[in-house]
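**Q**
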Amino acid sequence: MRRVVLALGGTVAGLVMLLSFRSHLASTASAGVTAGSGGTGTSPGSSSAAGSGSSAASGAAAASAPVSAGSGTGTAVTGDAIATPYGPTQVQVTLNAGKIVKVTVLQHTDDGINSQMIDGHALPLLNSETLTAQSTKIDAVSGASYTSAGYIKSLQSALDKASA
Amino acid sequence: MSGTRPGEPACSAGPGDAARAAGVTGISVSNPDLPGPGATSPGGTRIGRPARRLRHAEHVMGTVFSFDVPASAAPVLPEVLSWLHWVDATFSTYSGGSDVCRFGRGELTLAECAPELAEVIAECAVIKEQSDGYFTAWSGARFDPSGLVKGWSIERASNMLSAAAKTGPSGTGPSGTGASGTGHSVNGAGDMQCTGEPERGRPWRVGVAHPLHPSALAVIVAGRDFAVATSGTAERGAHIINPHTGLPATELASVTVVGPRISTADAYATAAFAMGGAAREWAESLDGYEVFAVAPDGATWQTSGFAAYTAPA
Numbered sequence: 001m002r003r004v005v006l007a008l009g010g011t012v013a014g015l016v017m018l019l020s021f022r023s024h025l026a027s028t029a030s031a032g033v034t035a036g037s038g039g040t041g042t043s044p045g046s047s048s049a050a051g052s053g054s055s056a057a058s059g060a061a062a063a064s065a066p067v068s069a070g071s072g073t074g075t076a077v078t079g080d081a082i083a084t085p086y087g088p089t090q091v092q093v094t095l096n097a098g099k100i101v102k103v104t105v106l107q108h109t110d111d112g113i114n115s116q117m118i119d120g121h122a123l124p125l126l127n128s129e130t131l132t133a134q135s136t137k138i139d140a141v142s143g144a145s146y147t148s149a150g151y152i153k154s155l156q157s158a159l160d161k162a163s164a
Numbered sequence: 001m002s003g004t005r006p007g008e009p010a011c012s013a014g015p016g017d018a019a020r021a022a023g024v025t026g027i028s029v030s031n032p033d034l035p036g037p038g039a040t041s042p043g044g045t046r047i048g049r050p051a052r053r054l055r056h057a058e059h060v061m062g063t064v065f066s067f068d069v070p071a072s073a074a075p076v077l078p079e080v081l082s083w084l085h086w087v088d089a090t091f092s093t094y095s096g097g098s099d100v101c102r103f104g105r106g107e108l109t110l111a112e113c114a115p116e117l118a119e120v121i122a123e124c125a126v127i128k129e130q131s132d133g134y135f136t137a138w139s140g141a142r143f144d145p146s147g148l149v150k151g152w153s154i155e156r157a158s159n160m161l162s163a164a165a166k167t168g169p170s171g172t173g174p175s176g177t178g179a180s181g182t183g184h185s186v187n188g189a190g191d192m193q194c195t196g197e198p199e200r201g202r203p204w205r206v207g208v209a210h211p212l213h214p215s216a217l218a219v220i221v222a223g224r225d226f227a228v229a230t231s232g233t234a235e236r237g238a239h240i241i242n243p244h245t246g247l248p249a250t251e252l253a254s255v256t257v258v259g260p261r262i263s264t265a266d267a268y269a270t271a272a273f274a275m276g277g278a279a280r281e282w283a284e285s286l287d288g289y290e291v292f293a294v295a296p297d298g299a300t301w302q303t304s305g306f307a308a309y310t311a312p313a
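Right, dumping it as structure tokens:
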């Protein structure tokens, strides 16, 4: 089960990076509308404590379908469907001023009752983490030393990409 | 030493070394992504981020150094990057011909090595003394100052940027346009030195990666002239050895140290991680440095002064 969560985590981290790249393009394109409005989107993720202590609570709150989190308005971007060993997964995020303000899971993994149980727990948790990381304005990330390969998956890499 | 990677070659010329060496020499310091003098970053106009800032990620020392600098630092950045690659070549424990390897094998005296090696060794000795031997550049008979070199080189790179900013052209100071700050940060693989402000009136905000939940943050710290270093197993496994037992340290998931200098903060983080549970008392005794730790079960603790650095999410 933990492996599944980790696999999903990797997928979502990849999506987030991809989307943060797109968010850069999106926000540049809509500069006239959103210029300078760094904090206008609501950011439900950041109202809970940073870190995962809040994930159980947010999981319970968001367990009812459809799985989505956030209530901000903005531009919706749909990610590619990603094949996992447990079935395809696809998410849609809503961007406002370059930040993710809402995450909606369009396709869950569908591998029987186990998958449903895991999704019911993991997807809200990942939603919460995505929102926490994306909606919290930070300049840099400190963490255990990564290698060149590890950097690619790091939040620092996403920050560098989003701002470079 | 604390900070050695078991099973990895040290000062040998294995097959992996050739590939790594090729990767290092293959990196062009005159990166085409770098803007020329006076230019602004193409992304400098990103919404929510002030213009006149420049981000750059440099692959060096087997990892990535991320720079967040004012655009006015563009002319000096290539020199800083070039220096980091020199450090890589001189202090490498992967390339048998480096000064560090030749010194470790007794082929060179300290006086015959680059003078920076003596500087690093002296600093290692200070931290070893302060950490009851939990931080050391010697693992048995093997010499490996890598645990200090990265933090030391981050600090030197930051100092080079600061020196250039002081002597740089006018018009880049507080009278510059917009809300863009004149401070910079140098983040080497998750350990960083930050100076000044990224935006005028706002401190640096640094997220500490949660060691147990990838993509989540355990805490956010904020400051102006400060350093943040984290040691842990999240990226490279149990790679820090407790020099007193010879075994990998596993009592903590990660340790974050905040204080004025990254060279010291980074070494303290490594030492605290090697200490494990005993680090809590030791951390409280440190002068000018504050510590935050996450245990493998997710429990956290912090020194009494750490709250001064914590920022709201």
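So the protein sequences, as listed, match chains A and B. 14 is the number that the working numbering gives to position 14 of the first sequence; each next residue is one higher, with no gaps. 142 is the number that the working numbering gives to position 142 of the second sequence; each next residue is one higher, with no gaps. Glycine included, C-beta positions come from ideal geometry on N, C-alpha and C.
Is it buried or exposed, residue 299 (chain B), if we count other Cβ atoms within 10 angstroms and call 16 or more buried?
**A** exposed
**Q** Please report the Cβ distance between residue 57 (chain B) and residue 160 (chain A), rounded to the nearest whole angstrom; I am assuming they are in contact, meaning their Cβ atoms lie under 8 Å.
**A** 5 Å
**Q** Assign residue 128 (chain B) to one of two classes, buried (16 or more other C-beta atoms within 10 Å of its C-beta) or exposed (fewer than that).
**A** buried
**Q** Spatial neighbours of residue 190 (chain B) within its chain, please: C-beta separation below 6 Å, excluding the five flanking residues on both sides.
**A** 230
**Q** By a C-beta neighbour count over all protein chains shown, 10 Å radius and 16 as the cutoff for buried, is residue 284 (chain B) buried or exposed?
**A** With fewer than 16 Cβ atoms within 10 Å of its Cβ, residue 284 (chain B) is classed as exposed.
**Q** For residue 192 (chain B), decide whether its Cβ has a neighbour in chain A, counting only Cβ atoms nearer than 8 Å.
**A** yes
**Q** Secondary structure at residue 149 (chain B), three-state DSSP: helix, strand or coil?
**A** Residue 149 (chain B) falls in the helix class under three-state DSSP.
**Q** Verify whether the separation of the beta carbon atoms of residue 217 (chain B) and residue 209 (chain B) is less than 8 Å.
**A** yes
**Q** Classify residue 296 (chain B) as buried or exposed, calling it buried when 16 or more other Cβ atoms lie within 10 Å of its own Cβ.
**A** exposed
**Q** Would a check of beta-carbon distances place residue 89 (chain A) closer than 8 Å to chain B?
**A** Taking a beta-carbon distance threshold of 8 Å, residue 89 (chain A) does not count as an interface residue toward chain B.
**Q** Just the C-alpha distance for residue 33 (chain A) and residue 75 (chain A), rounded to the nearest angstrom, thanks.
**A** Note on residue 33 (chain A): pLDDT 26, under 50, position unreliable in the model; the coordinate value appears next. When rounded, the distance between both Cα atoms is 12 Å.
**Q** Find the nearest neighbour of residue 213 (chain B) within the set B:76, B:294, B:114 and B:100, judged by alpha-carbon distance.
**A** B:294
**Q** Can you name the residues of chain B whose CB is closer than 8 Å to the CB of residue 76 (chain A)?
**A** Going along chain B, no residue has its Cβ under 8 Å from residue 76 (chain A), so there is no contact; the nearest lies around 17 Å.
**Q** Residue 154 (chain B) and residue 193 (chain B) - do their beta-carbons sit closer together than 8 Å?
**A** A contact, by the Cβ cut-off of 8 Å.
**Q** Per DSSP, residue 159 (chain B) is paired with what?
**A** In the DSSP output, where bridge partners are listed per residue, residue 159 (chain B) has none listed.
**Q** What did DSSP end up calling residue 3 (chain A) once you bin it into helix, strand or coil?
**A** Because the pLDDT of residue 3 (chain A) is 47, which lies under 50, any placement of that residue in the model is unreliable, and the question is left without a value.
**Q** Please classify residue 78 (chain A) as buried or exposed, where buried requires at least 16 other C-beta atoms within 10 Å of its C-beta.
**A** exposed
**Q** Verify whether the separation of the beta carbon atoms of residue 232 (chain B) and residue 254 (chain B) is less than 8 Å.
**A** In contact: residue 232 (chain B) and residue 254 (chain B) (Cβ atoms closer than 8 Å).
**Q** State the beta-bridge partners of residue 57 (chain B) as determined by DSSP.
**A** B:66
**Q** Can you give the beta carbon distance from residue 156 (chain B) to residue 11 (chain B), rounded, assuming they're within the 8 Å contact cut?
**A** Contact between residue 156 (chain B) and residue 11 (chain B) does not hold, since their C-beta atoms are separated by about 23 Å, which reaches or exceeds 8 Å.
**Q** Contact check, residue 258 (chain B) vs residue 265 (chain B) under 8 Å by CB: the rounded distance?
**A** 7 Å
**Q** Is there a Cβ from chain A that is less than 8 Å from the Cβ of residue 127 (chain B)?
**A** no
**Q** Excluding the 5 residues preceding and the 5 following residue 322 (chain B) in the sequence, name in chain order all residues of the same chain whose CB lies nearer than 8 Å to its CB.
**A** Because chain B in this structure spans residues 1 to 313, residue 322 (chain B) falls outside the shown range and cannot be described.
**Q** Short of 6 Å in beta carbon distance, which residues of its chain neighbour residue 277 (chain B), apart from the five on each side in sequence? Order them along the chain.
**A** 251
**Q** Where residue 86 (chain B) and residue 113 (chain B) are concerned, what is the direct C-alpha to C-alpha distance, given to the nearest angstrom?
**A** So the alpha carbons of these two residues sit roughly 13 Å apart.
**Q** Is there a Cβ of chain A sitting closer than 8 Å to that of residue 184 (chain B), yes or no?
**A** no
**Q** Listing by chain order, which chain A residues have their CB less than 8 Å from the CB of residue 357 (chain B)?
**A** Only positions 1 to 313 of chain B appear in the structure, and residue 357 (chain B) is not among them; the question remains open.
**Q** What does residue 87 (chain B) touch in chain A if you count any residue whose Cβ is under 8 Å from its own?
**A** When 8 Å is used as the limit between beta carbons, residue 87 (chain B) is near no residue of chain A, the shortest such separation being about 16 Å.
**Q** Determine, using beta carbons only, whether residue 94 (chain A) comes closer than 8 Å to chain B.
**A** no
**Q** Whole angstroms are fine: how far does the CA of residue 274 (chain B) sit from the CA of residue 238 (chain B)?
**A** Roughly 10 Å between the two C-alpha positions.
**Q** If you run the structure through DSSP and keep just helix, strand and coil, what is residue 27 (chain B)?
**A** Interpretation of residue 27 (chain B) is limited by its pLDDT of 31, a score under 50 that renders its predicted location unreliable; the figure taken from the coordinates is listed afterwards. Three-state DSSP puts residue 27 (chain B) in coil, outside helix and strand.
**Q** Identify the residues that DSSP records as bridge partners of residue 225 (chain B): which are they?
**A** Partner(s): none; residue 225 (chain B) has no beta bridge.
**Q** Determine, using beta carbons only, whether residue 161 (chain B) and residue 100 (chain B) come nearer to each other than 8 Å.
**A** no
**Q** Closer than 7 Å, Cβ to any Cβ of chain A: which residues of the stretch 231–264 of chain B, in chain order?
**A** 231, 232, 233, 234, 235, 236, 254 and 256
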